[in-house]
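As structure tokens, the structure follows; a few thoughts come after it.
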Amino acid sequence: AIKGFVFDLDGVITDTSVFHSQAWHQVADKVGVKWDDTLADALKGISRMDSLNLILAKDHKENDFTEEEKVALATEKNDNYLKLVNQMTPANILPGIQAFLEDLKAQGYLLSLASASKNSPLVLKKLGLSDYFTKSVDPASLKHGKPDPEIFRRGAEILNLDPAACIGVEDAAAGVQSINGAGETSIGIGDPQVLAAADINFTDTAQLTLANIKAALD
Ligand code: G6P
Ligand code: MG
């Protein structure tokens, strides 16, 4: 039986995936890499430095910058991003999410966060949602980022649960792959073609209810 839920943050709980994209788009323009939706999707769930390397590699520019210059570009992206995060309020919680978290808590499910973002504690605080999550995986402690299963495996472990007793919720293809690799049930939120590997697909967060999940698992 399912006892816990392991949540991604950006693009699942809140609309920050749009902010990450906006902030990277500015950096891509600066280094002369053409931005498109496929690149934006590929960056979802990917750590800050890995994202920068993916952007540069798109136009074979990964060797055009020193490590120092790359760190400066990643810092510039994060500064862009933090300007957007600092304007966030609970209005930035995606539709249905607060009710879903409330329901999960009332039904006694344990909740953990498996976000690759070092900014996730700040984002949860801005949204007023910190108290829903018993534990969070510290992304700085990970050896491998998504799509590696490590982060979702740890998301179950910190709740003292077997992965098979957990459902992972993601908006990124890399994240769904991580959930599946960890041996959890995967829910993909967004384009079902991009997230075809998920056990359950919902096109948006408003569909995320226990009733819909139970119906999908039957
Ligand atoms: C999440 C987002 C990614 C982001 C990553 C690192 O996984 O989906 O777009 O690059 O976190 O975020 P950070 O806030 O640490 O730069
Ligand atoms: Mg995400």
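When we follow the UniProt record's numbering, the leftmost residue of the sequence shown carries the number 6, and every step to the right adds one. Quick reminder that beta carbons are idealized off the backbone N, C-alpha and C, glycines included.
Here N217 is not bridged, per DSSP, to any residue. The beta carbon of D204 sits no closer than 7 Å to any heavy atom of the ligand MG. By the 16-neighbour rule on beta-carbons within 10 angstroms, P197 is exposed. Restricting attention to alpha helix (DSSP H) runs no shorter than 4 residues, the segment 20-59 encloses them at 21-36, 42-48, ordered along the chain. Within its own chain, the residues whose Cβ lies closer than 7 Å to the Cβ of E81, once the five positions on either side in sequence are excluded, are V32, listed in chain order. When the five nearest sequence neighbours on each side are left out, the beta carbons in the same chain lying within less than 8 Å of the beta carbon of S117 are those of G9, F10, V11, F12, F138, T139, K140, S141, V142, G160, A161, I163, L164, in order along the chain. I194 sits close to T210, with the two beta carbons spaced by under 8 Å. Between V76 and I60, the C-beta spacing is not below 8 Å. For T80, the enclosing alpha helix (DSSP H) covers residues 72-90. Relative to the Cα of I102, the nearest Cα in the group S183, V174, D204, F24 belongs to V174. Around F70, the same chain offers no residue with a beta carbon nearer than 6 Å, after the five sequence neighbours per side are excluded.
Relative to the non-hydrogen atoms of the ligand G6P, the Cβ of H25 comes within a distance shorter than 7 Å of at least one. If you ignore the 5 residues before and after D55, its C-beta comes within less than 8 Å of the C-beta of G150, all in its own chain and listed in chain order. The straight-line gap separating the alpha-carbon atoms of C171 and I7 is approximately 6 Å. The beta carbon of A28 sits closer than 8 Å to those of K82, N83, N85, Y86, L89, all from its chain and outside the five residues before and after it, given in chain order.
With 16 or more other Cβ atoms from the protein chains shown falling within 10 Å of its own Cβ, K49 counts as buried. With a cut-off of 7 Å, the C-beta of K123 is classified as near the ligand G6P, since at least one heavy atom of the ligand falls inside that distance. Under the three-state reduction of DSSP output, S122 falls in the coil class, being neither helix nor strand.
Looking at the DSSP output, G16 sits in no beta bridge, so it has no partner there. Judged by beta-carbon spacing, I98 lies beyond the 8 Å limit of I205, meaning their Cβ atoms are not closer than that value. It is roughly 7 Å from the alpha-carbon of E155 to the alpha-carbon of L147. By the Cβ neighbour-count rule, L115 is buried, with 16 or more other Cβ atoms within 10 Å of its own.
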